[in-house]
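Using our numbering, the first residue of the sequence shown is number 89, and each one after it goes up by one.
Heads up, the beta-carbon is just placed ideally off N, CA and C, and yes, glycines get one too.
Single-structure report; data block below.
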Amino acid sequence: MTAEDMEACGWADAVLAADHWREQWQARLTLYAARSLAVLEAYKAAAGEKWRTVWFREQFFAEIDRCAALWGSVEHEQALHPFFRKQ
89 MTAEDMEACG WADAVLAADH WREQWQARLT LYAARSLAVL EAYKAAAGEK WRTVWFREQF
149 FAEIDRCAAL WGSVEHEQAL HPFFRKQ
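Pasting the structure below:
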């Protein structure tokens, strides 16, 4: 799968040109750089709180276990088809 395919599927936010990647990356970060450090720290703390909840962690790893049980099966392949076609 190419980077462009991954972007089309929604797996990557952007594909940056090799000769101008630094400028493109800086442009994408402008929104974050414009925010105060306090705001960014608050976002980080909120994300950390979510991860630290027992319920979220249990659900996260339970989903991994459910997916792992199907890995490589016909059912898994069928379930992936809509995901790969996601716009």
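Roughly how many angstroms separate the alpha carbons of residue i and residue j, rounded to a whole number?
{"i": "R173", "j": "R123", "result": "35 Å"}
{"i": "E165", "j": "I152", "result": "16 Å"}
{"i": "A115", "j": "L104", "result": "11 Å"}
{"i": "W143", "j": "A102", "result": "32 Å"}
{"i": "T118", "j": "W99", "result": "22 Å"}
{"i": "G160", "j": "H169", "result": "13 Å"}
{"i": "A106", "j": "Q112", "result": "10 Å"}
{"i": "A193", "j": "A156", "result": "With the chain covering 89 to 175 only, the question about residue 193 has no answer from this structure."}
{"i": "V127", "j": "V162", "result": "46 Å"}
{"i": "M89", "j": "E95", "result": "10 Å"}
{"i": "A130", "j": "F149", "result": "26 Å"}
{"i": "E146", "j": "A167", "result": "23 Å"}
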